[in-house]
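J.:
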Amino acid sequence: MIRTRFPPSPTGYLHVGGLRTALYNYLFARKNGGKFIFRVEDTDQKRAVAGAVENLIETLKWASLTYDEGPDIGGPHAPYVQSERTELYQKYAQELVKKGAAYHCFCTAERLYEMRKNQEAKKMAPKYDRHCLRLSPAEIQEKLNQKISSVIRQKIPEGGKTGWNDLVRGQVSFAHETIDDQVLIKSDNFPTYHLANVVDDHNMEITHVIRGEEWLSSTPKHILLYEAFGWKIPEFAHLPLLLNKDRSKLSKRQGDVAVEDYRKKGYLPEAMINFVALLGWHPGGDSTQEIFTLEELVEKFSIEKVHKAGAVFDLEKLDWMNWQWRKRKFDELPGETPQKLFGLCEAFLPDEWKKDKEFLQRCLATVQEKVLQEPQKAQEHLGFYFKNSVAVDPALLANPKMKVDLPTAKKSLEAAMKALESFEKFDDQEALKAKLMEVVAQLGFKNGQVLWPMRVALTGEAFSPGVFEVLWALGKEMALNRLKIALKNL
RNA sequence: GCCGCGUUCGUCUAGUGGCCUAGGACGCCUCCCUCUCACGGAGGAAAUCAUGGGUUCAAAUCCCAUACGCGGUACCA
0 MIRTRFPPSP TGYLHVGGLR TALYNYLFAR KNGGKFIFRV EDTDQKRAVA GAVENLIETL
60 KWASLTYDEG PDIGGPHAPY VQSERTELYQ KYAQELVKKG AAYHCFCTAE RLYEMRKNQE
120 AKKMAPKYDR HCLRLSPAEI QEKLNQKISS VIRQKIPEGG KTGWNDLVRG QVSFAHETID
180 DQVLIKSDNF PTYHLANVVD DHNMEITHVI RGEEWLSSTP KHILLYEAFG WKIPEFAHLP
240 LLLNKDRSKL SKRQGDVAVE DYRKKGYLPE AMINFVALLG WHPGGDSTQE IFTLEELVEK
300 FSIEKVHKAG AVFDLEKLDW MNWQWRKRKF DELPGETPQK LFGLCEAFLP DEWKKDKEFL
360 QRCLATVQEK VLQEPQKAQE HLGFYFKNSV AVDPALLANP KMKVDLPTAK KSLEAAMKAL
420 ESFEKFDDQE ALKAKLMEVV AQLGFKNGQV LWPMRVALTG EAFSPGVFEV LWALGKEMAL
480 NRLKIALKNL
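Number 333 in numbering that gives the first Met the number 0 belongs to position 334 of the first sequence; there are no gaps in the numbering.
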């Protein structure tokens, strides 16, 4: 039975890189009929943030990355929060000390600082000098009895090397002399990541450790720990990093990194998942498919197809993908288009606009594409419909590109008004269009010479829906009123 | 510094020795649609496959060096 896990530390929000790591673990487990476990690694009390666990759970839920075991739903290996498992780590650390695979260290922060400074000065790799390894059992006991602050360090074997066959990188190995004697238990008695992670992965029967590349160089430490305990070593897969535009590790300084940020900006979970899935993975072959549902990803995912090189997080492609998903989800939504549009934008519109729902829905229909792209900006796109009076800027009305000057505008508006007055209601866009085209022909103008002034008079803006649509949405009374006001001010 | 990992259009990528005069997507540009913007449609520019050596009849694909980039180098994860 394949078992994967996603173990973030609750130091804030879910990072987009974390989302991808979680996704790949999820996909790998689902694809192979295994289990996906969510665990909280809160062994660094200094960095713990209140509410972060809840936020992580909420975000995972939003993304539809459901897990089989976790802190909120329990499971056979509960608890799934490391701060509630501290006795376990103590027990295993003692076992390592007994086996000679770890040792007590009483060095002060000052001494370690001095030591590193010297090593750096000599251009050596900073590494613990094993000062405390020379202590006799009696000396150690003596210091322990005196309650001198201490830690437990992993004892890396003297010679040789440790390697493994990484599922994405192939054969990787590190010489033991380059590996530091890692602290396993801190002086506050909490374990470090290295110990807690290995202990939990073993106890939770994790078979595949799929994590970011930043863990590559600590992997030999972990393997050495598994070996010291005599435990089965899981498979490892180290994912390429997500990068900023300048190709450094994706960071907050250069844009949003929290999934939460994207969610707030209106990105759909399907788009985020789809986008992040393709950053470092591709189904391969001659497939040119770009849009994938979670189910399709599960079906197509394979760890061998994960890339080795980092990928730049490109917002422009995300935007495109979000647009694709918006259209798709909108089409799949049941119901009539006007109702659907209303549902999509409801939350972003002021209540007073909703009083005349029929009018609102007409207006929405004229800005469908824009509002579909950015529902959060619906108010902005509809603004001109809800103004009591439209201010017509002469500078806007006169448009050399459209071959419109003020006299032309005046002539056009007058003729258009007259023609439109013959309608009882503005309920037929085609009829409106036919009539106005007649006006264009009579005046001997270009379409734009009539329609541009009308746009400006009706909306007060340079960019708007088509004139016939606006006439239809506003209705006869309001539309003619706006034209009248514009004419009066000419 | 040391250790490790990586390197195909600006970006995400296809590619596992001949099908590659290197394919797709995003973005960009042009045109079409058109009363504006957007949507939509059609084209286009864009990679001497990091560089230099090999191996081979044949290399983006295999090997070696170099360069560059990134990660790690904590009582953080």
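Glycine included, every Cβ here is placed at the ideal spot set by N, Cα and C.
Where does W230 fall in DSSP's three states?
T.: In the first sequence, the residue the question calls residue 230 occupies position 231. If DSSP states are grouped into helix, strand and coil, W230 belongs with coil.
J.: Using 10 angstroms around the beta-carbon of N446, count the other beta-carbons present and answer buried if the total reaches 16, otherwise exposed.
T.: As a working note, residue 446 is residue 447 in the first sequence. Per the 10 Å Cβ criterion, exposed.
J.: Figure out for me which residue from M477, K409, S63, K160 has the closest Cα to the Cα of E294.
T.: Residue 294 sits at position 295 when you count from the first residue of the first sequence. Taking only the C-alpha atoms, the option nearest E294 is S63.
J.: Would you mind working out which of H237, V150, T287 sits nearest Q170, comparing C-alpha positions?
T.: Looking up residue 170 in the first sequence gives position 171. The residue with the shortest Cα to Cα distance from Q170 is H237.
J.: Between which two residues does the beta strand (DSSP E) carrying I209 extend?
T.: One-based indexing of the first sequence puts residue 209 at position 210. First-last of the beta strand (DSSP E) with I209: 207–211.
J.: Assuming R4 and M203 form a contact by the criterion Cβ under 8 Å, report the distance between their Cβ atoms to the nearest whole angstrom.
T.: Here residue 4 is taken as the residue at index 5 of the first sequence, counted from 1. Here residue 203 is taken as the residue at index 204 of the first sequence, counted from 1. Right, their Cβ atoms sit about 7 Å apart.
J.: So W163 packs on T206, CB below 8 Å; how close in whole Å?
T.: Taking the first residue of the first sequence as position 1, residue 163 is located at position 164. Taking the first residue of the first sequence as position 1, residue 206 is located at position 207. Between T206 and W163 the Cβ distance is about 14 Å, and since that is not below 8 Å, they are no contact.
J.: DSSP three-state label for F341, please.
T.: Numbered from 1 along the first sequence, position 342 holds the residue referred to as residue 341. Residue state, collapsed to three classes: helix.
J.: Does the distance from the CB of R152 to the CB of Y102 come in under 8 Å?
T.: As a first step, residue 152 is located in the first sequence; it is residue number 153 there, counting from the start. As a first step, residue 102 is located in the first sequence; it is residue number 103 there, counting from the start. It is a contact, given that the beta carbons lie within the stated cut-off.
J.: Does the distance from the CB of F37 to the CB of L59 come in under 8 Å?
T.: For this step, residue 37 is matched to residue 38 along the first sequence. For this step, residue 59 is matched to residue 60 along the first sequence. Yes, Cβ-Cβ distance for F37 and L59 is below 8 Å.
J.: Considering only their Cβ atoms, is the gap separating A478 from L470 smaller than 8 Å?
T.: Position 471 of the first sequence holds residue 470. Position 479 of the first sequence holds residue 478. Contact: yes.
J.: For D200, count neighbouring Cβ atoms within 10 angstroms of its own Cβ and tell me buried if that reaches 16, exposed if not.
T.: Start at 1 with the first residue of the first sequence, and residue 200 comes out as number 201. By the 10 Å Cβ count, D200 comes out buried.
J.: Within the continuous beta strand (DSSP E) that includes T161, where are the two ends?
T.: Taking the first sequence and counting its residues from 1, one reaches residue 161 at position 162. From DSSP, the beta strand (DSSP E) with T161 extends over 160–165.
J.: Name the DSSP beta bridge partners of S172, please?
T.: Your numbering for residue 172 matches position 173 in the first sequence. The partner list for S172 (beta bridge, DSSP) reads G162.
J.: Would a C-beta distance cut-off of 8 Å place Y12 and E259 closer than the cut-off?
T.: As a first step, residue 12 must be located in the first sequence, where it is residue number 13. As a first step, residue 259 must be located in the first sequence, where it is residue number 260. Cβ atoms of Y12 and E259: closer than 8 Å.
J.: Under the three-state reduction of DSSP, which class applies to F300: helix, strand or coil?
T.: Translated into positions along the first sequence, residue 300 becomes position 301. Of the three classes helix, strand and coil, the one that applies to F300 here is coil, per DSSP.
J.: Do E468 and Q428 have their beta-carbon atoms positioned less than 8 Å apart in this structure?
T.: As a working mapping, residue 428 is identified with position 429 in the first sequence. As a working mapping, residue 468 is identified with position 469 in the first sequence. Yes, these two residues count as a Cβ contact at 8 Å.
J.: Start and end of the beta strand (DSSP E) containing R4?
T.: On the first sequence, residue 4 is found 5 positions in, with the first residue counted as 1. Element bounds for R4: 2–5.
J.: Look at the Cβ atom of V438, then the Cβ atom of A456, and state whether they are nearer than 8 Å.
T.: One-based indexing of the first sequence puts residue 438 at position 439. One-based indexing of the first sequence puts residue 456 at position 457. It is not a contact, given that the beta carbons lie outside the stated cut-off.
J.: Start and end of the alpha helix (DSSP H) containing Q323?
T.: For this step, residue 323 is matched to residue 324 along the first sequence. Where Q323 is concerned, the enclosing alpha helix (DSSP H) stretches over 314–331.
J.: Run through DSSP, which three-state label would I36 get?
T.: Within the first sequence, residue 36 is the residue found at index 37, counting from 1. In this structure, I36 counts as strand in the three-state DSSP scheme.
J.: So D41 and Q89 are in contact, right, with Cβ under 8 Å, and what is the actual spacing, rounded?
T.: Sequence index remark: in the first sequence, residue 41 carries index 42 (1-based). Sequence index remark: in the first sequence, residue 89 carries index 90 (1-based). Actually they are not in contact, since the Cβ atoms of D41 and Q89 sit about 16 Å apart, beyond 8 Å.
J.: Enumerate in chain order the residues of its own chain whose CB-to-CB distance from L343 is below 6 Å, with the five nearest sequence positions on each side excluded.
T.: The residue given as residue 343 occupies position 344 in the first sequence. If we look at L343 and ignore the five residues flanking it on each side, its Cβ neighbours are P374.
J.: Would W324 pass as a contact of E269 if the rule is Cβ separation under 8 Å?
T.: One-based indexing of the first sequence puts residue 324 at position 325. One-based indexing of the first sequence puts residue 269 at position 270. In contact: W324 and E269 (Cβ atoms closer than 8 Å).
J.: Give the straight-line distance between the Cα atoms of A440 and K483, rounded to the nearest whole angstrom.
T.: Residue numbering aside, residue 440 sits at position 441 when the first sequence is read from its first letter. Residue numbering aside, residue 483 sits at position 484 when the first sequence is read from its first letter. Spanning the two alpha carbons is a distance of roughly 22 Å.
J.: For Q93 versus F189, is the C-beta distance shorter than 8 Å?
T.: Here the question's residue 93 lines up with position 94 in the first sequence. Here the question's residue 189 lines up with position 190 in the first sequence. Against a cut-off of 8 Å, the Cβ pair of F189 and Q93 comes out as no contact.
J.: State the start and end residues of the unbroken alpha helix (DSSP H) segment that holds Y91.
T.: Locating residue 91 in the first sequence gives position 92, where the first residue counts as 1. Here the alpha helix (DSSP H) through Y91 covers 85–98.
J.: Looking only at C-alpha atoms, which of E86, A28, L395, N144 sits nearest to A485?
T.: For the purposes of this step, residue 485 is taken as residue 486 along the first sequence, with counting starting at 1. Closest by alpha carbon: L395.
J.: By Cβ distance below 7 Å, which residues in the same chain neighbour F425 in space, the five residues on each side in sequence not counted?
T.: Within the first sequence, the letter at position 426 stands for residue 425. L431, L470, W471, G474, K475, A478, listed in sequence order.
J.: Would you kindly check if the distance between the Cβ of V15 and the Cβ of L242 is under 8 Å?
T.: As a working note, residue 242 is residue 243 in the first sequence. As a working note, residue 15 is residue 16 in the first sequence. Against a cut-off of 8 Å, the Cβ pair of V15 and L242 comes out as no contact.
J.: Among Q367, H306, H380, which residue has its Cα nearest to the Cα of Y23?
T.: What you label residue 23 is simply residue 24 of the first sequence in a count that begins at 1. It is H306 whose Cα lies nearest to the Cα of Y23.
J.: Give the range of the beta strand (DSSP E) segment to which Y102 is assigned.
T.: Position 103 of the first sequence, counting from 1, holds the residue named residue 102. Counting along the chain, the beta strand (DSSP E) containing Y102 begins and ends at 101–104.
J.: Candidates T20, L419, Y112, R481: which alpha carbon is nearest W214's?
T.: Locating residue 214 in the first sequence gives position 215, where the first residue counts as 1. Measuring from the Cα of W214, the nearest candidate turns out to be T20.
J.: With a CB to CB cut of under 8 Å and the five nearest residues on each side skipped, what residues in its chain are close to P78?
T.: Taking the first sequence and counting its residues from 1, one reaches residue 78 at position 79. Cβ within range, chain order: P70, R84.
J.: Near N273, what residues of its chain come up, given a Cβ to Cβ distance below 6 Å and the 5 sequence neighbours on each side ignored?
T.: Taking the first sequence and counting its residues from 1, one reaches residue 273 at position 274. Closer than 6 Å at the Cβ level, and outside the excluded window around N273, lie F291, M320.
J.: Tell me the DSSP secondary structure of Q360 in three-state form.
T.: Within the first sequence, numbered from 1, the residue matching residue 360 stands at position 361. Of the three classes helix, strand and coil, the one that applies to Q360 here is helix, per DSSP.
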